[in-house]
Amino acid sequence: MMESQEKIFGLVDCNNFFVSCERVFNPSLRRKPTVVLSNNDGCIISRSNEAKKLGIPMGAPYFEWRDLMKAHRVTVCSANFTLYADLSRRIAEILSQFAPEVEKYSVDEVFLAFDRLALSDLTEYARHIKAVVQRWVGIPVTVGIGTTKTLAKLANDIAKVSPEFQGALNMIECREWNERIATMPVGDVWGIGYRLSKKLTEKGHKTVLDLKEASDGWISDTFGIGVLRTVWELRGISCLPLKEVLPPKKGITVSRSFGEVLRSLDELKEAVAFFVTRGAEKLRAEGSSAAIVSVYVSMKQLDGSHGQGEWSTVRLPMATNYTPMLIHYAHEALQHLYRPNKRFVKAGIMFGGIVPTGSEQMTFGISEEKIKRGTQLMQTMDEINGRWGARAIQSAAVGTNHGWKSRHTMMSPAYTTRWDELQLVR
Ligand SMILES: [Mg+2]
Numbered sequence: 046m047m048e049s050q051e052k053i054f055g056l057v058d059c060n061n062f063f064v065s066c067e068r069v070f071n072p073s074l075r076r077k078p079t080v081v082l083s084n085n086d087g088c089i090i091s092r093s094n095e096a097k098k099l100g101i102p103m104g105a106p107y108f109e110w111r112d113l114m115k116a117h118r119v120t121v122c123s124a125n126f127t128l129y130a131d132l133s134r135r136i137a138e139i140l141s142q143f144a145p146e147v148e149k150y151s152v153d154e155v156f157l158a159f160d161r162l163a164l165s166d167l168t169e170y171a172r173h174i175k176a177v178v179q180r181w182v183g184i185p186v187t188v189g190i191g192t193t194k195t196l197a198k199l200a201n202d203i204a205k206v207s208p209e210f211q212g213a214l215n216m217i218e219c220r221e222w223n224e225r226i227a228t229m230p231v232g233d234v235w236g237i238g239y240r241l242s243k244k245l246t247e248k249g250h251k252t253v254l255d256l257k258e259a260s261d262g263w264i265s266d267t268f269g270i271g272v273l274r275t276v277w278e279l280r281g282i283s284c285l286p287l288k289e290v291l292p293p294k295k296g297i298t299v300s301r302s303f304g305e306v307l308r309s310l311d312e313l314k315e316a317v318a319f320f321v322t323r324g325a326e327k328l329r330a331e332g333s334s335a336a337i338v339s340v341y342v343s344m345k346q347l348d349g350s351h352g353q354g355e356w357s358t359v360r361l362p363m364a365t366n367y368t369p370m371l372i373h374y375a376h377e378a379l380q381h382l383y384r385p386n387k388r389f390v391k392a393g394i395m396f397g398g399i400v401p402t403g404s405e406q407m408t409f410g411i412s413e414e415k416i417k418r419g420t421q422l423m424q425t426m427d428e429i430n431g432r433w434g435a436r437a438i439q440s441a442a443v444g445t446n447h448g449w450k451s452r453h454t455m456m457s458p459a460y461t462t463r464w465d466e467l468q469l470v471r
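Under the numbering used here, the first residue of the sequence shown carries the number 46, and numbering increases by one thereafter.
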């Protein structure tokens with residue numbers, strides 16, 4: 046039996062993640078061959094099991110496979126990264142309830158620390174986690190468990206292709222472990238890329254088991270300490286700790302349907318500036334800053350319905366809660382969405398990449414003095430607005446002709462002459 050001090054890692058990996066996300070909202074895609082393409086429909090970046098069976102490789106250029114996919118009636122989806130990021134965040138949030146520590150490793154992988162849990166049957170627990178994610182989010186996942194991250198990842202890989210494990214494999218209890226890894230190519234090991242696996246194979250280390258049993262001296266001399274660490278991890282000696290990441294904070298969103306249809310970019314810019322102003326107040330109230338600004342709009346369709354929202358996202362050079370800077374980037378995002386002669390009925394903003402203010406303060410070409418002045422100005426604005434009503438003063442970008450405001454939120458301006466010099470913020 047294992048020692049009590051031993052580490053135990055779980056890796057929850059979403060199956061064919063992007064395709065699975067598409068299936069959540071389009072159940073007709075289930076059991077049908079489906080792929081998701083990268084930006085600009087360039088390459089295939091996610092494949093359903095049915096698509097994998099057709100031999101379509103990961104990362105293949107779309108145009109090379111278009112004919113074959115047509116012949117096999119493969120459904121092709123353009124990537125919807127906003128949707129995938131949202132489902133990813135929800136899954137990470139759910140998983141954080143199942144272990145005292147979690148690390149969101151990638152968009153579709155989360156490591157969990159199981160060693161501090163008193164659980165007699167981890168495999169059953171893992172299957173429970175799988176069932177909960179399936180029920181709450183609708184995404185199928187596989188769970189691998191091991192005494193190191195590398196082993197948890199291998200266990201995950203094995204469970205994914207071996208239905209007898211029902212989506213969860215705990216390698217600690219797997220009696221035929223060495224037999225299994227003796228049949229896996231060395232390139233299947235986490236961190237052993239194409240070049241390394243080619244070199245290892247040439248030197249006779251063809252399988253995962255070969256690498257596990259390689260000599261320390263030869264490995265470190267030939268490949269360096271990084272690969273040696275991987276070899277130790279294969280032997281159950283944990284070298285890669287969990288980088289604990291708190292469950293990602295929910296983004297701040299502000300959105301509204303317009304009181305009337307908007308057509309001009311200027312009106313939209315005013316509306317977006319207003320939403321950003323409200324969102325930035327929320328950021329400052331909780332002492333945080335945002336590094337990602339997303340804007341979305343929806344347009345009235347010819348049949349009178351409201352179309353699906355369209356999103357545009359920009360990453361800021363630094364996290365900030367300074368309203369004018371956030372407005373600047375939100376307007377940049379808006380430019381990508383605006384189309385003349387369209388009838389805009391709704392818009393909104395979302396802040397992401399939220400961090401405590403000061404933790405990521407980098408000053409790309411912006412003087413300390415300027416940041417300090419900006420911070421003071423924001424503080425003053427928040428104080429005044431707190432005292433005189435929410436819209437007492439705000440950035441000039443918000444404008445004064447608020448035809449875009451929903452009627453029920455129309456507010457009478459409460460400008461105060463005393464603070465005249467603060468009315469314009471650039
Ligand atoms: Mg995956």
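Yeah, the Cβ is synthetic: ideal placement off N, Cα and C, and Gly gets one too.
| Check | Outcome |
| --- | --- |
| Nonlocal neighbours in the same chain, by C-beta distance under 6 Å from I391, ignoring five residues either side | Looking at the sequence provided, one finds Lys at residue 391 rather than Ile. Same-chain partners within the cutoff: S302 and S343. |
| Proximity test, C59 beta-carbon vs ligand 1 heavy atom, cut-off 7 Å | yes |
| Straight-line gap, R329 to K288 (C-alpha atoms, nearest Å) | 27 Å |
| Extent of the continuous alpha helix (DSSP H) to which G100 belongs | Note, G100: premise wrong, no alpha helix (DSSP H); not H, not E. |
| Span separating the alpha-carbon of I203 from that of V81 | 24 Å |
| Ligand 1 heavy atom lying under 7 Å from the CB of D478 | Nothing about residue 478 can be read from this structure; the chain reaches only from 46 to 471. |
| Cα-Cα separation, D166 to H173 | 11 Å |
| Spatially closest choice to K194 from I53, M426 and R68, by CA coordinates | I53 |
| Closer than 7 Å: D112 CB and nearest ligand 1 heavy atom | no |
| Backbone secondary structure at A227 - three-state DSSP | coil |
| Rounded C-alpha distance that separates R388 from G87 | 31 Å |
| Residue span of the beta strand (DSSP E) that contains P28, given as start and end | Past the boundaries of the shown model lies residue 28; the chain is included only from 46 to 471, so the question cannot be answered. |
| Enclosing beta strand (DSSP E) for N125 [first to last residue] | Looking at the DSSP string, N125 is not in any beta strand (DSSP E), and its letter there is neither H nor E. |
| Per-residue DSSP class, three states only, for F159 | coil |
| Enclosing beta strand (DSSP E) for L74 [first to last residue] | No beta strand (DSSP E) holds L74; DSSP gives it neither H nor E. |
| Reference S309, options R384, L199 and K149, closest by Cα | R384 |
| Proximity to V231 [Cα-Cα], best of K251, E247 and Y239 | K251 |
| Segment contact flag, the region 199-215 with the region 63-83, C-beta cutoff 8 Å, min 3 pairs | no |
| Y374 and E355 closer than 8 Å at C-beta | no |
| Helix, strand or coil at K251 [DSSP, three-state] | coil |
| Buried versus exposed, by CB contacts within 10 Å (16 or more), S260 | exposed |
| Assigned secondary structure, D153 (DSSP; H/G/I helix, E/B strand, else coil) | coil |
| Cβ-heavy atom distance, E224 to ligand 1, below 7 Å | no |
| Residues that K345 bridges to, as DSSP identifies them | H351 |
| Coil, strand or helix - A259 by DSSP | coil |
| Environment of I282 [buried if 16+ CB atoms lie within 10 Å] | exposed |
| For K198 and D131, the rounded distance between their alpha carbons | 24 Å |
| Within 8 Å, strictly: CB atoms of V306 and I394 | no |
| Closer than 7 Å: D202 CB and nearest ligand 1 heavy atom | no |
| 8 Å CB neighbourhood of T168 in its chain, flanking five on each side removed | I190, A213, L214, N215 and E218 |
| Inter-residue spacing [alpha-carbon to alpha-carbon] between V64 and K98 | 15 Å |
| Of the residues W235, R418, T187 and P72, the one placed nearest D153, counting alpha carbons only | T187 |
| Which residues DSSP lists as bridging K391, in chain order | S302 and S343 |
| Closer than 7 Å: F62 CB and nearest ligand 1 heavy atom | yes |
| V178 versus Q142: straight-line alpha-carbon distance, rounded | 11 Å |
| Endpoints, beta strand (DSSP E) assigned at L214 | A213 to N215 |
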